[in-house]
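Every number in the numbering used here is 42 more than the matching position in the sequence shown, counting from 1.
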Amino acid sequence: MIRRRFPLIVLGAIALGVVTLALPGEAPAQRRLKAKVYLVQKPIPKKLSERGLIGFARKANKKILEETGDGPPESRKWLGNLVIAFNAPPKDLEFHVLFYDVEEGTPRFVKDMSTFISDRSQKTYLQKFKLPRPDFKPNRRMEMVVTVRHQEVARHRFELRGERKRHTGRVDFSEDDEEDKDE
């Protein structure tokens, strides 16, 4: 009985292997949408091709963003350009860039940046960004997540460097404060 089934099992395994190898791989349209994210704080040259823009962004990519602006720390912000290169056109009207603070370990949602798409066939996008205080805090580790149709397509970690608000460390216990408490 076993001798009769053994050739059938072997033949079935061989047939399954041949069918599996004969099936085509994933078609390009069925591949999962992915993207690469670059943060650039240098001025971007005006007349670059798509390939030139990606090359420039790859070389000028920053993992640590420096804050810009003079004046009190409360009025400062982080400015730059966001270059997103998809492996295929997103085929949607918009994509979202979600910012998370990951300094304490657990991601804490900070802000959402929506980008509307004018040309659905385009694969590379350049977007200016401004990360203002108090939403974004200096000397923190951040994570940026790019989503299209609620599907994550890219994730990028970076740090925000800047000057923290300084405290003098002086406490004034004047008589005026004591009189206000007695009343």
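The beta carbon of each residue, even a glycine, is placed where N, CA and C say it ideally should be.
### Query
Between the Cα of E116 and the Cα atoms of R199, R175 and I51, which residue gives the shortest distance?
Position 74 of the sequence shown, counted from the first residue, corresponds to residue 116. Of R199, R175 and I51, the residue nearest in Cα terms is R175.
#### Entry: 8 angstroms contact criterion, which N123 and I96 should meet: CB distance rounded
The count along the sequence shown starts at 1 and reaches residue 123 at position 81. The count along the sequence shown starts at 1 and reaches residue 96 at position 54. Contact between N123 and I96 fails: their C-beta atoms lie close to 13 angstroms from each other, not under 8 angstroms.
### Query
With 16 as the cutoff for other CB atoms within 10 Å, does H192 come out buried or exposed?
Against the sequence shown, residue 192 aligns to sequence position 150. Around the C-beta of H192, fewer than 16 other C-beta atoms lie within 10 Å, and the residue is accordingly described as exposed.
#### Entry: L168, DSSP secondary structure in three states
Working through the sequence shown from its first residue, we reach residue 168 at position 126. For L168, the three-state secondary structure derived from DSSP is strand.
### Query
To the nearest angstrom, how far is it from the Cα of D112 to the Cα of G204?
Position 70 of the sequence shown, counted from the start, is the residue given in the question as residue 112. Position 162 of the sequence shown, counted from the start, is the residue given in the question as residue 204. Taking the CA atoms as reference points, D112 sits about 11 angstroms from G204.
### Query
Does the beta-carbon of F200 have 16 or more other beta-carbons within 10 angstroms, so that it is buried, or is it exposed?
The residue labelled residue 200 in the question sits at position 158 within the sequence shown. Buried, because 16 or more other Cβ atoms sit within 10 Å of the Cβ of F200.
### Task
Can you say whether R114 is buried or exposed, counting buried as having 16 or more other CB atoms within 10 angstroms of its CB?
Stepping through the sequence shown from its first residue, residue 114 is reached at position 72. According to the sequence shown, residue 114 is Pro rather than Arg. Here P114 is exposed: its Cβ has fewer than 16 other Cβ atoms, across all protein chains shown, within 10 Å.
### Task
Run the CB neighbour count on F178, radius 10 Å, all protein chains shown included, and call it buried at 16 or more, exposed below.
On the sequence shown, residue 178 is found 136 positions in, with the first residue counted as 1. Buried: at least 16 other Cβ atoms inside 10 Å.
### Query
Expressed to the nearest angstrom, what Euclidean distance is found between the alpha-carbon atoms of I51 and Q164?
Along the sequence shown, read from residue 1 onward, the residue named residue 51 stands at position 9. Along the sequence shown, read from residue 1 onward, the residue named residue 164 stands at position 122. Each residue's CA atom was taken as its position, placing I51 and Q164 some 51 angstroms apart.
### Message
So within the stretch 61-122, which uninterrupted alpha helix (DSSP H) runs reach at least 4 residues, ignoring any that extend past its ends?
### Response
Contiguous alpha helix (DSSP H) elements confined to the stretch 61-122 occur at 92-102, taking only those with 4 or more residues.
### Task
Return helix, strand or coil for I126, following the three-state DSSP convention.
Position 84 of the sequence shown, counted from the start, is the residue given in the question as residue 126. Taken through DSSP and simplified to helix, strand or coil, I126 comes out as strand.
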